Amino acid sequence: MTKDYYKILEVSEFSTLSEIKSAYRRLARKWHPDVAGNSFDVITRFKEINEAYETLSDKVKKADYDTARRFYNYSSENKEQKTETKNNSTNPNTKKETQKKENKSEKKEKKGFSFNWEEFVTKKYQEAQYKKEQEIPKKGGDIHSDIEISISEAINGTTKVINMLQTQICSKCGGRKFVNGGICSACKGNGDISNYKKFSVRIPAGIKEGSKIRLAGEGEKGLNGGKCGDLYLTVHITKPSDYQIDGLNVLKTIQIAPYEAVLGTTLVINTLQGKVSVKIAPNTKNGQKIRLNNCGIKQNNLVGGMIVTVEIQIPKNLTNEEIELYKRLQDIASGSVREI
Ligand SMILES: [Zn+2]
């Protein structure tokens, strides 16, 4: 016996049933979770008020409670109890009479209270406990995504700008969903807003396929003030279609026309280190290789080269004029390409 139901209902042991009832109504209204809020303390108080009323409004339960209460008070607080017991013993008749009078109205009103308080209060109590658990700060989840870079970006390092859908706490309502008692117009009552966010991602030089880059705090938002999760980007290096890698060297094939092979020319070639102007000497043979120093892969202090293989190719869709010129060339040819 630790709870004083009389104290909880703010009535005395000699209050009439109608006084108890009206005290209960006043307190139940005041401490109803819909009015006083769904906090743990409010629910606990509301539960106690209902418990107290359930006992003090029931003749049998009240008598049992009073006996137990008197016994408890007698054994724990001897001095104070003496007066109370005395008072009590002088009044039993008055008390009985009042209770009799009120029996009728009690029955009538019980219909209005045909609601299962115990179930309701237990449910509210469980909800409050659940809510309390929910208030523990939780770190937001991590987000995993991929990022594609070219081989030259992997070798030299780069900065990539990516666009990612991100959910953030609404800045207008601060995640509370309401502003001045109305639903927040910015987040429409969600408490958070999803937007595409641009990230500038720095890729260090020499990064390997499958490496992960972590952007701290850019994952899902935390709950109840918990930290945000992280964003992890897995790096994928796209395979080059126009060259091959051999150690630190890059191998590339370029096509030239027969007249370029004979007369020589200058070509601009894309290398890992940028565009390079390459001179094709007169009389260049098919399959001839040209090495471009320092145009390959950089690793530590070493730099490879680009090895260009020249391939002589006859242009497609030769015009009649061009064919005429080849015929003329055939007629005047001085040497043979075959050894007889
Ligand atoms: Zn909002």
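Following this note's numbering, the numbering of the sequence shown begins with 60 at its first residue and continues without gaps. We put the beta carbon where it would ideally sit given N, CA and C, even for glycine. Since the model is a prediction, treat every value here as computed from it, not as a measurement.
For residue i, which residues of its own chain have a beta-carbon under 8 Å away from its beta-carbon, when the five flanking residues on both sides are left out?
{"i": "residue 71", "result": "65"}
{"i": "residue 322", "result": "341"}
{"i": "residue 339", "result": "315, 319, 320, 323, 324, 325, 326, 349 and 369"}
{"i": "residue 90", "result": "101, 104, 105 and 108"}
{"i": "residue 295", "result": "205, 206, 207, 208, 268 and 269"}
{"i": "residue 124", "result": "64, 114 and 115"}
{"i": "residue 361", "result": "307"}
{"i": "residue 287", "result": "198, 199, 276, 277, 278, 279, 280 and 281"}
{"i": "residue 225", "result": "253, 254, 255, 256 and 277"}
{"i": "residue 260", "result": "206, 218, 219, 220, 221, 272, 274 and 292"}
{"i": "residue 88", "result": "94"}
Excluding five sequence neighbours on each side, which residues of the same chain lie with their C-beta closer than 6 Å to the C-beta of residue i?
{"i": "residue 115", "result": "64, 79 and 121"}
{"i": "residue 297", "result": "207 and 209"}
{"i": "residue 69", "result": "82"}
{"i": "residue 112", "result": "83"}
{"i": "residue 202", "result": "278 and 290"}
{"i": "residue 330", "result": "354 and 365"}
{"i": "residue 196", "result": "283, 284 and 285"}
{"i": "residue 299", "result": "210"}
Helix, strand or coil, according to DSSP, for residue i in the structure here?
{"i": "residue 101", "result": "helix"}
{"i": "residue 254", "result": "strand"}
{"i": "residue 325", "result": "strand"}
{"i": "residue 140", "result": "Confidence in residue 140 is poor, its pLDDT being 43 and thus under 50, which makes the residue's placement unreliable; the coordinate value appears in the next sentence. Helix, per DSSP."}
{"i": "residue 358", "result": "strand"}
{"i": "residue 398", "result": "coil"}
{"i": "residue 336", "result": "strand"}
{"i": "residue 185", "result": "helix"}
{"i": "residue 118", "result": "helix"}
{"i": "residue 391", "result": "helix"}
{"i": "residue 369", "result": "strand"}
{"i": "residue 310", "result": "strand"}
{"i": "residue 344", "result": "coil"}
{"i": "residue 351", "result": "strand"}
{"i": "residue 75", "result": "coil"}
{"i": "residue 152", "result": "Unreliable positioning characterises residue 152 in this predicted model, as indicated by a pLDDT of 48, which lies under 50. The coordinate reading is nonetheless provided below. DSSP places residue 152 in helix when its eight states are reduced to three."}
{"i": "residue 330", "result": "strand"}
If we define contact as Cβ-Cβ less than 7 Å, is residue i a contact residue for chain D?
{"i": "residue 384", "result": "This model lacks chain D altogether; it includes just one protein chain."}
Got a sec? Which residues, its chain only, sit under 7 Å from residue i by beta carbon, not counting five neighbours each side?
{"i": "residue 317", "result": "371 and 373"}
{"i": "residue 303", "result": "310"}
{"i": "residue 67", "result": "107, 108 and 111"}
{"i": "residue 216", "result": "262, 263 and 264"}
{"i": "residue 62", "result": "107"}
{"i": "residue 406", "result": "This structure gives no information on residue 406, because the portion of the chain shown stretches from 60 to 399."}
Closer than 6 Å: is that where the CB of residue i sits relative to any heavy atom of ligand 2?
{"i": "residue 111", "result": "Ligand 2 is not among the ligands present in this structure, which contains only ligand 1."}
- Query: How about the segment 243-252 and the segment 215-235: do they share at least three Cβ pairs that are nearer than 8 Å?
  - Reply: Taking a contact to require three or more Cβ pairs closer than 8 Å, the segment 243-252 and the segment 215-235 qualify as touching.
- Query: Below 8 Å, can you find three or more Cβ-Cβ pairs linking the segment 269-284 to the segment 306-323?
  - Reply: With fewer than three CB-CB distances shorter than 8 Å, the segment 269-284 does not count as touching the segment 306-323.
- Task: Tell me, please, whether the segment 369-377 touches the segment 329-346 by the rule of three or more beta-carbon pairs shorter than 8 Å.
- Result: Of all C-beta pairs linking the segment 369-377 to the segment 329-346, three or more are shorter than 8 Å, placing the two stretches in contact.
- Message: Runs of 3 residues minimum, wholly inside the segment 192-230: which ones carry the beta strand (DSSP E) assignment?
- Response: 202-208 and 217-228, all fully within the segment 192-230.
- Item | Uninterrupted beta strand (DSSP E) stretches inside the segment 235-306 (no shorter than 3 residues) | Taken in chain order, the complete beta strand (DSSP E) segments of 3 or more residues contained in the segment 235-306 are 251-262, 271-274, 290-296 and 303-305.
- Item | Beta carbon shell of ligand 1 at less than 5 Å from a heavy atom | This selection yields 229, 231, 232, 243, 245 and 246.
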